[in-house]
Amino acid sequence: MMQTIDNIRYNLVLDSLSLLENWVSSENYKGWDPYDGINNNWFPKISFFEPYPQILLIQFNKYSPINLRRLERIRKELDTKGLALFIQAYSLMYRKTGNEIFKIKALNLFKFLMDHSLRDTWGNHCWSSHKYPFVGIDKNTLSPHFPDIIGTANALKAISLLYGLCQKKELREIILDSYLFFKSMYDYKDDLGYFLYTPYSRGKIVPNASAEALEALILSLDICYDSDIIKICEETALSLQELQMQDGSWVYAIYPTGKIYQQLDFHQGYLIDGLLKSRSLNLSSDSDIEYCISKATEFYKNMFTSDGRCYYRYPKFLPTDIHNQAQGIITFCKLYDAYGNSADLEFAQKIVMWTIKNMQDDNGYFYHQKGLLFTNKIPYMRWGQGWMLLALATFWKNVNG
184 MMQTIDNIRY NLVLDSLSLL ENWVSSENYK GWDPYDGINN NWFPKISFFE PYPQILLIQF
244 NKYSPINLRR LERIRKELDT KGLALFIQAY SLMYRKTGNE IFKIKALNLF KFLMDHSLRD
304 TWGNHCWSSH KYPFVGIDKN TLSPHFPDII GTANALKAIS LLYGLCQKKE LREIILDSYL
364 FFKSMYDYKD DLGYFLYTPY SRGKIVPNAS AEALEALILS LDICYDSDII KICEETALSL
424 QELQMQDGSW VYAIYPTGKI YQQLDFHQGY LIDGLLKSRS LNLSSDSDIE YCISKATEFY
484 KNMFTSDGRC YYRYPKFLPT DIHNQAQGII TFCKLYDAYG NSADLEFAQK IVMWTIKNMQ
544 DDNGYFYHQK GLLFTNKIPY MRWGQGWMLL ALATFWKNVN G
């Protein structure tokens, strides 16, 4: 369903998308990331009393408005999840225009994505989200040497969209092979089915991670039928309903001890996206899915101001984060795709317009965060540019001038 918007807004979106695409391609898609604070050669030599020095450096670089990465010799990288986002964006741009250059760029990035596959180590196609090590405040770790469900789900989305452009047999074989990894990462706790975040996180339920896997798998089922995957998707969708809070939100994580971690931000959008995809499944409680999505959408929309500015971590308002803005655009566009309600696309447009006006640099990239008195202008490649290219492409495919 295409909506017509006025030419001024349409051209503004197109110009913004073109500027951003030119910038990321001129950088060869390499860049820094908010969480890459220990991605250098010298830090491991002084990382005594682990993991505390690692956590400190990662958090310092994440929150510093001054980019010290050159001084710290932190390398610009091709981020695995970033590559997947760019492939998804180019696939949508090709579908919109039929311009072969977008398909060529998507296929070229696919080669790098496959270079990052961990199949040789783990037996099946799977991916780590990033090419740098990470230690969270809760001491949980991510490594470029072991896979995670988020990185693999985004790679699967990219490959599935790419298959829609060229129907290469190789892509179908990769999807089928990755199914074995997804099956190995599925577990149960208290009768709830969920995907492990990493192979080492058994017992920790992260609802948004399961939702990302759910969306990716259902997208791929149009290409590769697998009855076991369908059953897993059905169980996951029903479990996500069970995990939803009364106000329509989800917690970020439930630890094996029962401890809950709450963080209300763009992850709520991931959950809506996954449940929207699950509407195509033959669930025993479809009406509950619709009610679940309705409650989630109401809560999520309240995380934005009327002019399209997302709360940082609800109810904390500032700073405005580019990832939050991008996910809002994507989710409200997907709501429009699912239900055809023009109000959803109009709200996505508000987010688009505010973000372009307030957070895009004249060079084309988007700023990281905008506070009351200060704007963090560091152009993080995956966090800002990858997500915004996908967001703008998602919006653009739904509109005509």
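Sequential numbering from 184 applies to the sequence shown in this note's numbering.
Yeah, the Cβ is synthetic: ideal placement off N, Cα and C, and Gly gets one too.
In the DSSP assignment, what are the bridge partners of I443? I437, per the DSSP bridge assignment.
Mind checking H308: buried by the 16 CB within 10 Å criterion, or exposed? buried
DSSP three-state call for N244: helix, strand or coil? helix
Would you kindly work out how many angstroms separate the C-alpha atoms of D373 and A420, rounded to a whole number? If you take the alpha carbons of D373 and A420, they lie about 15 angstroms apart.
Is A336 buried or exposed, if buried means 16 or more other CB atoms sit within 10 Å of its CB? buried
Who are F317's beta bridge partners in DSSP? Under DSSP, the beta-bridge partners assigned to F317 are L325.
Distance check for D298 and A267, CA to CA, integer angstroms please. 12 angstroms
In terms of alpha-carbon separation, which member of L528, F557, E529 lies closest to N541? N541 has its Cα closest to that of F557, out of L528, F557, E529.
Same chain, Cβ closer than 7 angstroms to I241, five either side skipped, listed in chain order: Y218, G220, I221, F317, V318
Own chain residues within Cβ distance below 7 angstroms of D262, not counting five before or after: Once the five neighbours on either side are set aside, the close Cβ partners of D262 are D216, H313, K314, M564, R565.
Proximity winner among D544, T577, L400, relative to S461 (alpha-carbon distances): L400
Can the beta-carbon of E417 be found closer than 7 angstroms to that of G457? no
CA-CA distance, V389 and N507? 18 angstroms
Going by CA-CA distance only, name the one from L200, I332, L501, I188 that's closest to F549. L200
I287 in three-state terms, based on DSSP: helix
Taking the alpha-carbon of L464 as reference, which of F487, L454, I415, K478 has the nearest alpha-carbon? I415
From the DSSP secondary-structure annotation, give me the bridge partner or partners of C589. Nothing about residue 589 can be read from this structure; the chain reaches only from 184 to 584.
For the beta strand (DSSP E) holding L375, just list the boundary residues, first then last. 375 to 378
Go ahead and label F232 buried or exposed: buried means 16 or more other beta carbons lie within 10 angstroms of its beta carbon, across all protein chains shown. Bear in mind that a pLDDT of 48 at F232, under 50, signals an unreliable position, so the model cannot answer this.
Using the three-state DSSP reduction, which class does R253 fall into: helix, strand or coil? In this structure, DSSP gives R253 a state outside helix and strand, which the three-state scheme calls coil.
Span of the beta strand (DSSP E) holding Y369? 369 to 372
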